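Below: the structure, in structure tokens.
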Amino acid sequence: MPLVFVHGVNVRDGDRYREGVRSQRELFARAGLRGLAEDPVVTHPYWGGLAANPRWNNASVPDGDYESFGAEDDVAATLEESVSSWPRDNPIIAIAREDFPNAVDVLWTLVPEEEASPELAEMGARTVAYAEANRNPVWLQSVANDQQFLTQLQINVEAWQPTGAAAGTASDDAWESFGLSDVWDSVREGARRLAGLPGRAAGAAVVAVSRSKVHGHVARFMGDIFVYLDKRGDRAQPGPIPRNVIDAIESADAARTPNDPHVVVVCHSMGGNIVYDVLSHYRPDLAVDVFVTVGSQVGMFEEFKVFHNSDDAVPAQRGDRVAKPANIAHWVNVFDKQDILSFATGRVFTDVTDFEYSTGASVLGAHTSYFKRPSFHRRLNERLTEKLQP
Amino acid sequence: MTVVFERDDVQPGTHVLAIGIGLYDHLIGGPETMLDNPFGLGQLGSPPISAKRFAEWMLTDLHNPAAELASVDVLISSPDQVTIDVPGEGSKQVAPATLANIQEAFDGWLARVNTDNGNVAVFYHCGHGLESTDLALLAQDFGAPGGDPPRLWRNAYNFHRTHLGLRRCIADGQFFFVDACRQVSADLLEFDGGDVTSLIEPKLRRTNTDRNAPIFYASARDSKAFAKTDEVSRFTAALLTSIEGNGADRVGAQWKVSNESLPSAVLKRIQRGNAQPDVPVQIPTCDGEYSSTSFLHVLDGAPSVPVFVGSAAAQAFPQSARLEFRRGQGVVATSPGPGPWELEVAAAVYDILAVDDADVIGTDANGWVMPAEYEGTVA
Numbered sequence: 001m002p003l004v005f006v007h008g009v010n011v012r013d014g015d016r017y018r019e020g021v022r023s024q025r026e027l028f029a030r031a032g033l034r035g036l037a038e039d040p041v042v043t044h045p046y047w048g049g050l051a052a053n054p055r056w057n058n059a060s061v062p063d064g065d066y067e068s069f070g071a072e073d074d075v076a077a078t079l080e081e082s083v084s085s086w087p088r089d090n091p092i093i094a095i096a097r098e099d100f101p102n103a104v105d106v107l108w109t110l111v112p113e114e115e116a117s118p119e120l121a122e123m124g125a126r127t128v129a130y131a132e133a134n135r136n137p138v139w140l141q142s143v144a145n146d147q148q149f150l151t152q153l154q155i156n157v158e159a160w161q162p163t164g165a166a167a168g169t170a171s172d173d174a175w176e177s178f179g180l181s182d183v184w185d186s187v188r189e190g191a192r193r194l195a196g197l198p199g200r201a202a203g204a205a206v207v208a209v210s211r212s213k214v215h216g217h218v219a220r221f222m223g224d225i226f227v228y229l230d231k232r233g234d235r236a237q238p239g240p241i242p243r244n245v246i247d248a249i250e251s252a253d254a255a256r257t258p259n260d261p262h263v264v265v266v267c268h269s270m271g272g273n274i275v276y277d278v279l280s281h282y283r284p285d286l287a288v289d290v291f292v293t294v295g296s297q298v299g300m301f302e303e304f305k306v307f308h309n310s311d312d313a314v315p316a317q318r319g320d321r322v323a324k325p326a327n328i329a330h331w332v333n334v335f336d337k338q339d340i341l342s343f344a345t346g347r348v349f350t351d352v353t354d355f356e357y358s359t360g361a362s363v364l365g366a367h368t369s370y371f372k373r374p375s376f377h378r379r380l381n382e383r384l385t386e387k388l389q390p
Numbered sequence: 001m002t003v004v005f006e007r008d009d010v011q012p013g014t015h016v017l018a019i020g021i022g023l024y025d026h027l028i029g030g031p032e033t034m035l036d037n038p039f040g041l042g043q044l045g046s047p048p049i050s051a052k053r054f055a056e057w058m059l060t061d062l063h064n065p066a067a068e069l070a071s072v073d074v075l076i077s078s079p080d081q082v083t084i085d086v087p088g089e090g091s092k093q094v095a096p097a098t099l100a101n102i103q104e105a106f107d108g109w110l111a112r113v114n115t116d117n118g119n120v121a122v123f124y125h126c127g128h129g130l131e132s133t134d135l136a137l138l139a140q141d142f143g144a145p146g147g148d149p150p151r152l153w154r155n156a157y158n159f160h161r162t163h164l165g166l167r168r169c170i171a172d173g174q175f176f177f178v179d180a181c182r183q184v185s186a187d188l189l190e191f192d193g194g195d196v197t198s199l200i201e202p203k204l205r206r207t208n209t210d211r212n213a214p215i216f217y218a219s220a221r222d223s224k225a226f227a228k229t230d231e232v233s234r235f236t237a238a239l240l241t242s243i244e245g246n247g248a249d250r251v252g253a254q255w256k257v258s259n260e261s262l263p264s265a266v267l268k269r270i271q272r273g274n275a276q277p278d279v280p281v282q283i284p285t286c287d288g289e290y291s292s293t294s295f296l297h298v299l300d301g302a303p304s305v306p307v308f309v310g311s312a313a314a315q316a317f318p319q320s321a322r323l324e325f326r327r328g329q330g331v332v333a334t335s336p337g338p339g340p341w342e343l344e345v346a347a348a349v350y351d352i353l354a355v356d357d358a359d360v361i362g363t364d365a366n367g368w369v370m371p372a373e374y375e376g377t378v379a
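See the structure below:
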């Protein structure tokens with residue numbers, strides 16, 4: 001099944017982006033599309049290189065060195081994307097006792113992206129399913145430190161049989177290796193990044209480094225939007241950013257097969273606005289089976305009537321809404337109330353399903369963490385299954 | 001220690017120390033208090049089976065006229081009591097491979113090996129391994145609580161430093177077989193090999209510069225070794241098959257297994273196995289140090305050599321075809337079908353022919369079937 005992922009603003013090429021893409025591909029293929037695709041083909045059209053290019057390298061941003069985090073700050077920022085507080089000692093247990101599935105998300109979010117593998121994605125999906133089915137397992141109360149937590153998590157997840165699944169039997173043909181489990185070693189490597197990290201109380205002032213980071217992000221966020229709106233062209237001559245996205249969706253359309261007949265387009269943030277413009281204005285002939293907008297602003301953009309297809313005459317009266325484009329069979333919009341950059345769509349468009357997904361993140365962190373989380377991909381899989389295999 | 005076999009009248013001789021560990025008291029599934037972080041390591045089924053197989057092969061099949069078998073010491077950790085069948089002496093129980101037992105057995109083995117520079121030392125270990133700067137091989141009691149001060153690595157030993165330390169051993173032939181993983185855990189990046197006991201401390205001067213001391217690793221650094229839970233491991237199976245056959249070179253009128261001939265055979269057998277369906281990829285390596293030849297085993301006759309023969313790209317032989325290996329007027333071996341063909345034949349020079357009924361329809365122009373393996377093409 002072809003899945004096109006269109007990124008949001010503030011994305012630029014580099015090792016970190018590429019490793020992130022690799023990690024996302026594994027999670028989409030192994031978790032988000034589980035059971036839905038014979039041959040999951042995930043593509044990531046990249047438009048960041050066509051977007052804003054601050055000529056003074058963000059010199060207008062106070063403290064413009066927001067990208068030069070130390071490793072500890074980076075981990076703190078990553079953790080902040082998932083939880084609002086954590087103790088200095090054994091933070092994972094504390095998070096798990098408050099919200100066990102969220103602790104699993106935290107662990108997978110912390111895994112360095114260069115460790116991404118199909119097995120890691122598979123285990124992430126399995127572990128979050130285990131945590132959701134066992135929100136307060138007995139062993140969670142008896143473990144005394146994060147090391148014991150990780151050990152018990154591994155043991156219990158590997159032994160777990162989901163309800164309805166055939167009971168596993170020890171196979172004479174089973175291979176054993178005389179060493180580590182690569183997947184759990186990667187998870188432990190991520191958890192090790194928390195060692196020595198100062199604790200943080202709920203409601204504490206946001207760390208200064210995050211403030212400057214957000215300031216810089218907002219600058220590029222605005223810049224990317226301005227560049228898109230200014231240079232998007234029109235139906236006859238699409239600008240470089242819509243052209244890039246159109247090409248990717250066309251390729252996905254051409255890659256349909258009898259066994260994988262559906263095209264899914266998943267968009268993050270500004271990516272949703274671009275794809276909405278593409279499907280409603282540039283290429284209304286391109287059919288998409290499921291359009292998933294995550295942490296996106298399509299509803300807000302339509303309120304301000306900035307899409308090509310926006311019609312000032314709507315709403316003419318209270319209750320009027322914009323019709324969902326006919327070439328979109330299903331539209332799922334995901335937002336997190338904590339994510340100040342995500343917006344609902346159901347009161348602006350018809351026939352859109354809004355889903356709230358709580359990342360559990362702080363206000364500043366929620367926007368960036370959806371796609372790293374196994375629980376998000378599990379939810380996505382449920383929604384796609386509802387739409388594609390009703 | 002459990003010396004299951006010893007002959008005082010053999011000098012020089014071959015002295016074997018074989019260790020296999022499937023039971024780990026403090027790892028996942030073990031019977032004692034589990035380590036807070038057992039590195040994801042659990043119990044193993046294959047090492048006791050593999051070590052037993054290795055030791056019993058040495059007892060029954062090793063043949064080296066220059067250094068016949070003189071002693072075999074075996075330590076095996078398993079939930080079940082393990083016995084070794086000693087020809088003419090019946091079954092003998094073996095002791096578990098705790099670090100104390102390993103050290104004691106090692107010291108005894110070294111004392112026996114150190115009696116003659118013509119002795120051949122054989123060291124075999126199968127079980128969990130972890131690597132950072134050095135390779136740590138874990139004993140049954142790895143992770144036991146206690147100690148003053150507490151040391152996680154108290155019950156593991158540093159294989160690399162032990163190998164280096166054995167430069168103090170006078171035996172010129174020293175063979176090391178390590179059937180273990182060599183992964184580098186994220187938790188071990190700060191692990192210093194110096195924290196781990198060496199069974200013999202290295203000495204920098206006045207060491208045995210004549211020794212041939214190859215190390216056969218089941219896995220390359222940062223990779224895994226595999227086994228079916230209830231079977232001999234991939235590495236040990238390939239090792240013994242290679243010693244019995246294609247790990248030999250012709251020396252005069254005999255086929256002999258040496259530090260020079262054996263590596264290629266072991267590596268190729270495992271690499272060929274990697275191509276089989278549902279077999280996990282394993283990357284063995286050979287290391288150590290040697291400057292001349294030491295012999296481990298002498299074959300009774302010509303070794304069996306794995307043979308892989310394909311047909312030229314454009315050639316399509318009929319289903320009724322077969323491959324024949326002929327010497328003189330006789331057919332020594334055949335393999336049915338249109339190819340490609342895989343079989344094992346005794347090392348020799350053959351006429352290798354594709355035949356259909358009585359007609360020769362193709363010929364392999366080479367025909368020198370020699371260890372470690374033969375690849376040919378019939379055109």
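Going line by line, the protein sequences match chains A and B.
Note that our numbering numbers the first sequence so that position 72 is 72, with each residue one more than the last.
Note that our numbering numbers the second sequence so that position 278 is 278, with each residue one more than the last.
Yeah, the Cβ is synthetic: ideal placement off N, Cα and C, and Gly gets one too.
Owing to the predicted nature of the structure, the values given are computational and were not obtained by experimental measurement.
Determine whether the beta carbon atoms of VAL75 of chain B and ALA95 of chain B lie at a separation below 8 Å.
Note that residue 75 of chain B is Leu in the sequence shown, not Val. Contact flag set, yes.
Using CA coordinates, which residue listed in B:ASP278, B:ASP134, B:VAL266 is at the minimum distance from ALA222 of chain B?
The sequence shown places Asp at residue 222 of chain B, rather than the Ala named in the question. Cα-wise, what sits closest to ASP222 of chain B is B:ASP134.
Indicate whether the contact test is met: 3 or more Cβ pairs, each with one atom in the region 144-159 of chain B and one in the region 257-275 of chain B, closer than 8 Å.
These segments do not touch.
Which one or two residues does DSSP pair with GLY22 of chain B in a beta bridge?
Beta-bridge pairing links GLY22 of chain B to no other residue.
Looking at C-alpha atoms only, which residue of A:TRP47, A:ASP105, A:GLY319 is the closest neighbour of VAL9 of chain A?
Ranking A:TRP47, A:ASP105, A:GLY319 by Cα distance to VAL9 of chain A puts A:TRP47 first.
What residues of chain B sit near GLN147 of chain A, judged by a beta carbon separation below 8 Å?
Those within 8 Å of GLN147 of chain A in chain B are ASP36, ASN37.
Less than 8 Å separating the beta-carbons of ASP105 of chain A and VAL128 of chain A?
Yes; because the gap between Cβ atoms is below 8 Å, this pair is in contact.
Give me, in chain order, the residues of the same chain whose beta-carbon lies closer than 7 Å to that of LEU62 of chain B; leave out the 5 immediate sequence neighbours on both sides.
Hits under 7 Å: THR14, LEU69, HIS297.
Is it buried or exposed, SER219 of chain B, if we count other Cβ atoms within 10 angstroms and call 16 or more buried?
Burial call: buried.
May I ask which residues mark the beginning and end of the alpha helix (DSSP H) holding THR109 of chain A?
Counting along the chain, the alpha helix (DSSP H) containing THR109 of chain A begins and ends at 100-110.
What is the rounded straight-line gap between the Cα of GLU119 of chain A and the Cα of VAL183 of chain A?
Near 7 Å, if we compare the C-alpha coordinates of VAL183 of chain A and GLU119 of chain A.
Are VAL305 of chain B and GLU344 of chain B close, meaning C-beta to C-beta below 8 Å?
Yes.
Do you know how far the Cα of VAL218 of chain A is from the Cα of PRO54 of chain A?
One C-alpha to the other measures close to 13 Å.
Excluding sequence positions up to five away, which residues of its chain have a Cβ less than 8 Å from the Cβ of THR363 of chain B?
Here the set comprises ASP351, ILE352, LEU353, ALA354, VAL378, ALA379.
Would you check whether the ligand GTP has a heavy atom nearer than 7 Å to the C-beta of ASN274 of chain B?
This structure lacks the ligand GTP; in fact it carries no ligand of any kind.
Mind checking the region 222-235 of chain B against chain A and listing, in chain order, the residues whose C-beta falls within less than 7 Å of any C-beta there?
Those would be LYS224, ALA225, PHE226, ALA227, LYS228, THR229, ASP230, in chain order.
Taking Cβ-Cβ distances shorter than 9 Å, what residues in chain A pair up with PRO79 of chain B?
Per Cβ cutoff of 9 Å: no residues; PRO79 of chain B is ~14 Å from chain A at best.
Going by C-alpha to C-alpha distance, which of B:GLY90, B:ALA238, B:ARG112 sits closest to THR285 of chain B?
The shortest C-alpha separation from THR285 of chain B is found at B:ALA238.
Among B:LYS203, B:ARG53, B:LEU23, which one has its Cα closest to the Cα of GLY45 of chain B?
Of the candidates B:LYS203, B:ARG53, B:LEU23, the one whose C-alpha sits nearest the C-alpha of GLY45 of chain B is B:LEU23.
Can you have a look at SER60 of chain A and say buried or exposed, based on whether 16 or more other CB atoms are within 10 angstroms of its CB?
Exposed, by the Cβ-count rule.
Considering only C-alpha positions, which residue in the set B:ALA156, B:ALA121, B:VAL120 is nearest to HIS128 of chain B?
Per the Cα distances, B:ALA156.
Residues of the region 106-136 of chain A in Cβ contact with chain B at a cutoff of 7 Å, in chain order, please.
If the cut-off is 7 Å between Cβ atoms, the region 106-136 of chain A has nothing near chain B.
What's the call for ILE340 of chain A, buried or exposed, on a 16-neighbour Cβ count within 10 Å?
The residue in question, ILE340 of chain A, is exposed, as its Cβ has fewer than 16 Cβ neighbours within 10 Å.
Do you know how far the Cα of PRO277 of chain B is from the Cα of MET58 of chain B?
Those two C-alpha atoms are separated by around 31 Å.
Hey, does HIS128 of chain B have any beta-carbon neighbour from chain A nearer than 8 Å?
Answer yes: the Cβ-Cβ gap between HIS128 of chain B and chain A drops below 8 Å somewhere.
Identify the continuous beta strand (DSSP E) that holds GLN161 of chain A and give its terminal residues.
That residue, GLN161 of chain A, is in no beta strand (DSSP E); it is neither H nor E in DSSP.
How would you label SER68 of chain A, buried or exposed, when you count the other beta carbons within 10 angstroms and need 16 or more for buried?
Reliability fails at SER68 of chain A, whose pLDDT of 33 lies under 50, so the model's placement of it is uncertain and no value is given.
Can you pull the chain B neighbours of ILE155 of chain A, defined as C-beta to C-beta under 7 Å?
By Cβ distance, chain B contributes ILE28.
Excluding the 5 residues flanking THR241 of chain B on each side, which residues of the same chain have their C-beta closer than 7 Å to its C-beta?
Taken in chain order, the residues that qualify are ARG269.
Just to check my reading of the structure: LEU194 of chain A and PRO91 of chain A have Cβ atoms closer than 8 Å, yes? What is that Cβ distance to the nearest angstrom?
Indeed they touch by this definition, with Cβ atoms about 6 Å apart.
Could you check what DSSP says for PHE343 of chain A in three-state terms: helix, strand or coil?
Reduced to three states, the DSSP call for PHE343 of chain A is coil.
Looking only at DSSP bridge pairs, what is GLY173 of chain B linked to?
Bridge partners of GLY173 of chain B: B:VAL120, B:ASN212.
Check whether the Cβ atoms of VAL122 of chain B and PHE159 of chain B lie closer than 8 Å to each other.
Not closer than 8 Å, so no.
Please compile the residues from chain A whose C-beta is within a distance smaller than 8 Å of the C-beta of PRO280 of chain B.
Going along chain A in sequence order, the residues near PRO280 of chain B (Cβ under 8 Å) are TRP175, SER177.
Residues of the region 178-195 of chain A in Cβ contact with chain B at a cutoff of 8 Å, in chain order, please.
Per Cβ criterion, the list reads PHE178, GLY179, LEU180, SER181, ASP182, TRP184, ASP185, SER186, ARG188, GLU189, ARG192.
Given a threshold of 16 other Cβ atoms within 10 Å of its Cβ, counted over all protein chains shown, does ALA67 of chain B qualify as buried or as exposed?
Buried, since its Cβ has 16 or more Cβ neighbours within 10 Å.
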